[in-house]
Amino acid sequence: MPQITVDYSAPLADAFDRAAFAREVHARTVEIAAARPSACTTQFRRTEDTVVGPDAEGHAIVHVSVGLLAGRTEETKARLAEAVLEALRTHVKPVEGLVLHASAEIRDLDASYRKDETES
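Per my numbering, residue 49 is the first one in the sequence shown, and the count goes up by one each step.
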């Protein structure tokens, strides 16, 4: 916990400083949602196809989903969502010819959530 997943459009690959973004989101999650730094994990998933409305070109998407253990207030979740969007504005450079659609969702992890760490 927290489990952070970032889906981003392929044309952003060179414009998105993913490592810096993850570090900033981890720090803000610790600050805003009282997470432990060592518990923050982020996974990036590059998507090849993006369609917005009728357009299959000219758009790029970054969607960030943050799963937290239950108990955070809606205000805390909203503050964290705004912080995630701010981090995206900082770490995704504009790409000529693309409109960036950025979004963030902060949600509770299901009560069945479990985490295991093992060295390989």
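Think of the CB as a built atom: it goes at the ideal place given N, C-alpha and C, for glycine as much as any other residue. In this text, all values refer to a predicted model and were calculated from it rather than measured experimentally.
Which residue's Cα is closest to the Cα of Ala129: Ser151, Ser160, Ile109, Leu117?
Residue mapping note: residue 129 aligns to position 81 of the sequence shown, counting from 1. The shortest Cα separation from Ala129 among Ser151, Ser160, Ile109, Leu117 belongs to Ser151.
Could you check the C-alpha separation between Pro85 and Ala67 for me, to the nearest Å?
Your numbering for residue 85 matches position 37 in the sequence shown. Your numbering for residue 67 matches position 19 in the sequence shown. Cα to Cα, the separation comes out at about 15 Å.
DSSP beta-bridge partners of His111:
Along the sequence shown, read from residue 1 onward, the residue named residue 111 stands at position 63. For His111, which the question treats as bridged, DSSP gives the partners Asp55, Ser151.
Thinking Val100 and His149 are a contact (beta carbons under 8 Å), I'd like their distance in whole angstroms, please.
For the purposes of this step, residue 100 is identified with residue 52 of the sequence shown, where counting begins at 1. For the purposes of this step, residue 149 is identified with residue 101 of the sequence shown, where counting begins at 1. Sure, about 6 Å apart at Cβ, within 8 Å.
Leaving out five residues on either side along the sequence, give the residues of the same chain with a beta carbon under 6 Å from the beta carbon of Ile109.
The residue labelled residue 109 in the question sits at position 61 within the sequence shown. Contacts found: Ser57, Thr98, His149.
Cβ neighbour criterion (16 or more within 10 Å) applied to Arg102:
As a first step, residue 102 is located in the sequence shown; it is residue number 54 there, counting from the start. Per the sequence shown, the amino acid found at residue 102 is Pro instead of Arg. It counts as exposed.
In angstroms with no decimal places, state the Cα-to-Cα distance between Ala81 and Leu117.
For the purposes of this step, residue 81 is taken as residue 33 along the sequence shown, with counting starting at 1. For the purposes of this step, residue 117 is taken as residue 69 along the sequence shown, with counting starting at 1. Rounded to whole angstroms, Ala81 to Leu117 spans 10 Å at the Cα level.
Can you tell me the Cα-Cα spacing of Ala131 and Thr166, whole angstroms?
In the sequence shown, residue 131 corresponds to position 83, counting from 1. In the sequence shown, residue 166 corresponds to position 118, counting from 1. So the alpha carbons of these two residues sit roughly 31 Å apart.
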